[in-house]
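Heads up: the structure comes next, in structure tokens.
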Amino acid sequence: MQGTLDLLILRTLESGPRHGWAVSDRIQQISQDLKVNQGSLYPALHRLEHQGWIKAEWGVSELGRRARFYRLTATGRKQLARETEMWARLTAAIGRVLEMA
Amino acid sequence: MTWSDLLLRLKAVVFHVRVEDELAEELRAHMDFETRRGVRAGLSPSEAERAARVAFGGAAQVAEQCRDERGITWFEDFAKDLSYACRQFRKQKTFVAVAALTLALGIGATTAIFSAVNGVLLRPLPYPSPERLVNVWSSIPSKGIPQMGFALPDLEAVAARNHSFESVAGYFFGDANIAGQTPQRVPALIATANMFQLLGANAALGRTFSASEQSFGKHYVVVLSDALWRSRFGTRPDVIGEAVRLNGKMYNIIGVMRPSFQFPSPDIQLWLPMSFSPQDGMATRDNHFISAIARLTPGASVARANADVRAIALNLQREFAENAGIEGGVSDYFTSVVGDVRPALLILLGAVGLVLLIACVNVANLFLSRASARQREFSVRTALGAGRARLVRQLLTEAALLGSLGACLGIALSAWLLRLIRVYGPGEIPRLQDIDIDIRVLAFTAALTLVSVLLFGLAPAFGLSRIEISEAMKAGGRSVTTGKGAGRYRDALVIAEVTLALVLVIGAGLLLRSLAALNHVDPGFRPDHVLTMSLSAPDAAWTSSAKIERFYGELNQKLEQIPGVQAAGASTALPIANVGGWGKNFTVEEHPASRSSDVPLIQYRQVTPHYLRALQIPILEGRFFTADDDSSRPLVAVINESARRRFFPNEDPIGKQVHLGVPEVLIKDRLPRPDYRMPRLTIIGVIGDVHHAGLRQPPFPEVFVSHLQGSVKDNQESAGHMYLVIRTDSDPLRIMPAVRAAIRSLDPDVPVAEVATMDQRLHGSLSANRYELFLFGAFAGLSLALAGIGIYGVISYSVRLRMHEMGIRMALGAGSQDVLKIVFRHGLRTGIAGVALGLILAGALTRLMSTLLFGVKAMDALAFAGGAGVLLAVAAAASFIPARRAAQADPLKVLRAE
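Listed in order, the protein sequences are those of chains P and L. Position in the first sequence (first residue = 1) + 1 = my numbering. Position in the second sequence (first residue = 1) + 221 = my numbering.
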């Protein structure tokens, strides 16, 4: 689900700027079960950048490698809040349907 | 599309290589990190690298997806469309040439007219804060004088009492005789010393007037125009401080202005400070001759200033008897500069806009035929998965390419047209030399092109929606019968063309009828074989009226001795040319006005005895002046027909007493002596009316007095500045050398100016009308040609599509006449529909041009019927050619070809 990946990326960046690999690493670490396709991460990052929700800057990683760091913008933060709420509503709704049926 | 999106896309397009590098680098970094994690987990470097690559997936695909997200493809698609369009165009040179030229004509003509509108109407005047400049004027509404100059005391009162202006400057026009080897007479402006400062204009060399130079005696200083400095003073920088003899007095040259300073009109060659000698009779309350310009204080409005000046004028009415009935007001200065030409220019802009619209419709039609011919190509592309949007974009790209081509050609064309306008444009258009293609014109052209591209580019895109893939494919190699819808769409375009063209043709017809009506106006005299020029007596040497009278008397005699001269006369005013106006109060002894504000005005001229014979103005009653009507004889006057109708409607004017002033009883307190009486004149004749201010203006009441009696006490002085009128047997200009010799033999210091034949003046007075007609006619002709091509194109195209049907009809027994009729009827039907709509549209639009018309109504039946006839003839001719081709086709061949 495209929207899901966007939501995960935004949430991951909420705690601070990260480069692409760190985002995918973080998502995998926390979700444990969720296996994010590393390749699909980058088009998603570029899309979010175009929407103005994240901003990219070149920086140096903790290991001394030059990398592109992404950070959440103000509009991105709002979008994250919106999507989180929608996600909560959606899962709640699906949960209710599953219980009732 | 968000802002960040747009910026990033732009960045991707502009820094294409850098963005690509960054993408590669970003993905490489990911690989490095992933590999390092593998190594940390205990893999060998090469194993870790392979694992990383597997986890990542196809790097090329990921990069491509990123590019997609970035909109790189958007740019690349455009580049592809563009190169495809170029390839297409290279194969269809005729189509491109016809379409681009059509557009170039439309865009070029519109750009040229818009540059004129821009230069004349839109560009601000070349003064600082020009929006604060206003005209200030006097008026006598009760005598029907809406605007006139100020009397000096009134102007001073306005300058002192107003609460609206930073400053007020006065000026009036004069002439200056420049003495020297070749005496020269040039238009001069006599202005208050603060005029330059008010306008914010500095001298290019030297300085402008100082305040003290307005006081009499210190006023012998002159500021030269750039043009005069170049033509007469050889652009010498050391002219400053030099002395020059003007009107017989020595003046000090203190400054030279920049070429751009042309206040109040480009013909002014020098500026003199305004000052009056204490004995001068001009600076009194009843001489209204000073125009005024003022600069509003910041924040003051024209309306408030107007109320202010009006209030001052009303106060002056209460304070001074001479100011009875005199009011005043303020109006925008810019409007007064361009007000006269604004309607004509805007109408022309509208007309040329119609031409562009027709050009666009024509190109749309071309595109449409081309699109139909490409239906198969499009259906194949659609079948292969191209979306409709993608195809529309392809068409729009082609349209944009063609539009840019047309725009470039159009701008080149307009630059050339502008040169023509500047050289041949009528002189009365203000600021004509200023017009140029500037950034605003270019922006206008770009916008115009964009709109045009959308207009003609979207037409085939709409047609595209009608393509049925399967049907086009089924039709195979054969031509596709276009659906009824597409055909109707094309017909509608042609009908629109005919409609617009008819509006222009009717407009041109109305202007043609106006010019014809103007040409039929009887000027009131015989203009052929008449030479005219202005002479002026050098003021200093010619102080006495007697000397002036003797000069003109002897000159006329000498001129009449020149072989080929039939009669020679002189007058202070010249018909048609609208020069030498001189208004005076007029009182008929038997029925004087009862209030001074009711005293009528009349135009006053001094003439020599042979003036009438030289112009061949008819005598309607009584007699004209002879050489005997001199200062020793009773004062006499001649009036024209208008004056008789106005002042003597039911009586014989001959023998009646009149005088040129207000009845003495109304100005008792202002008379030099209680028993003072102005000299009475006896009317001895009535002559025919003559058009003075061009043929458009009706004649007005005039009174003539003998030049030889001009100096009789209190009448007036004999005019030194007069216009010669000389009737000749043959070409009037041929005798000019002899005329110059005669003048020089009497006085070598008399400058001759404004030499022209009466025919030339008459011709010149209609130049604006001819110019409007020429432009409108050119636009109408262009639109006719385009409409004709449009009809021809649509009919021949439909013939091509219906050849098969025609073949079958003929095989089944239809004669070639029937086929001819079918096709011809189609063309004519389109034409008639367009004409009907055009008549309605023209009925609504021609009203707008009524200010340009003369002697013809905006709904003139002849112009409307004539225009409709022309359009129908064009439609008939344009559809007859393809109709005949269809009728002559061999049915067997047509069917076999399928």
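All C-beta atoms, glycine included, are put in the ideal place defined by N, C-alpha and C.
| Query | Result |
| --- | --- |
| Residues that L/A276 contacts on chain P, provided the C-beta gap is smaller than 8 Å | Q39 |
| Own chain partners of L/G1064 with C-beta closer than 7 Å, once the 5 adjacent residues on each side are dropped | M1080 |
| Chain-ordered neighbours of L/D253 on chain P, where CB pairs are closer than 7 Å | R66 |
| L/G697 (DSSP reduced to helix, strand or coil) | Note on L/G697: pLDDT 45, under 50, position unreliable in the model; the coordinate value appears next. If DSSP states are grouped into helix, strand and coil, L/G697 belongs with coil. |
| Contacting positions in the segment 11–28 of chain P - beta carbon closer than 9 Å to chain L | H20, G21, W22, A23, S25, D26 |
| Local Cβ density within 10 Å of L/H237, reported as buried at 16 or more and exposed below that | exposed |
| L/G476 to L/L491 span [Cα, whole Å] | 10 Å |
| Among L/N583, L/R652, L/K1078, nearest to L/G340 - alpha-carbon criterion | L/R652 |
| In DSSP terms, what L/D396 is bridged to | L/P408 |
| Residues that DSSP places opposite L/S359 in a beta bridge | L/M369, L/G549 |
| Candidates L/L1116, L/R1117, L/P969, L/D289, of which the one nearest L/G401 by Cα | L/P969 |
| Proximal residues to L/G697 (C-beta, below 8 Å), its chain only, five neighbours per side dropped | Note that L/G697 scores a pLDDT of 45, beneath 50, so its modelled location is shaky; the value from the coordinates is reported in the next line. Closer than 8 Å at the Cβ level, and outside the excluded window around L/G697, lies no residue. |
| Of the listed residues L/Q483, L/R865, L/L612, L/L228, nearest to L/I905 (C-alpha basis) | L/R865 |
| Span of the alpha helix (DSSP H) around L/M979 | 979–986 |
| DSSP three-state assignment for L/T808, whether helix, strand or coil | strand |
| Within chain P, the residues that L/A250 reaches when beta carbons sit closer than 9 Å | H20, G21, W22, S62, R66, R67, A68, R69 |
| C-beta neighbour in chain L for P/R48, strict 7 Å | yes |
| In chain order, each beta strand (DSSP E) run of at least 3 residues that lies wholly inside the segment 506–568 of chain L | 512–517, 548–553 |
| Boundaries (first-last residue) of the beta strand (DSSP E) holding L/V260 | Looking at the DSSP string, L/V260 is not in any beta strand (DSSP E); the run it does join, the alpha helix (DSSP H), is 237–261. |
| L/L577 and L/T331 closer than 7 Å at C-beta | yes |
| Sub-7 Å separation of L/A621 and L/V674 beta-carbons | yes |
| L/R466 versus L/G843 - alpha carbon distance | 46 Å |
| Start and end residues, beta strand (DSSP E) containing L/N777 | Taken as a continuous stretch (DSSP letters only), L/N777 belongs to no beta strand (DSSP E), being part of the alpha helix (DSSP H) at 766–782. |
| Against chain P: residues of the segment 255–266 of chain L by CB proximity under 9 Å | E255, R257, R258 |
| Spatial neighbours of L/I461 in its chain, beta-carbon cut-off 8 Å, leaving aside the 5 residues before and after | L426, G427, I474, I475, G476, V477 |
| DSSP three-state assignment for L/H1047, whether helix, strand or coil | helix |
| Min CB distance L/S225 to chain P below 7 Å | yes |
| C-alpha gap between P/L49 and P/I55, whole angstroms | 6 Å |
| Inter-stretch contact (C-beta, 8 Å, three-pair minimum) for the segment 890–902 of chain L and the segment 827–846 of chain L | no |
| Three-state secondary structure assigned by DSSP to L/K1114 | helix |
| Amino acids of chain L, ordered along the chain, whose beta-carbon sits closer than 8 Å to that of P/G53 | T223, W224, S225, D226 |
| N- and C-terminal bounds of the beta strand (DSSP E) containing L/V742 | Careful: L/V742 lies outside any beta strand (DSSP E) and carries neither H nor E. |
| Cutoff 7 Å; reference L/T702; Cβ partners in own chain excluding five residues on either side | Because the pLDDT at L/T702 is just 46, under 50, the model does not fix this residue reliably, and the value given afterwards should be weighed accordingly. So the qualifying residues of the chain are L1022. |
| Boundaries of the alpha helix (DSSP H) in which P/L49 is found, first to last residue | 39–51 |
| Opening and closing residue of the beta strand (DSSP E) in which P/K79 lies | Looking at the DSSP string, P/K79 is not in any beta strand (DSSP E); the run it does join, the alpha helix (DSSP H), is 75–101. |
| Rounded straight-line distance, which links the Cα of L/L343 to that of L/L567 | 12 Å |
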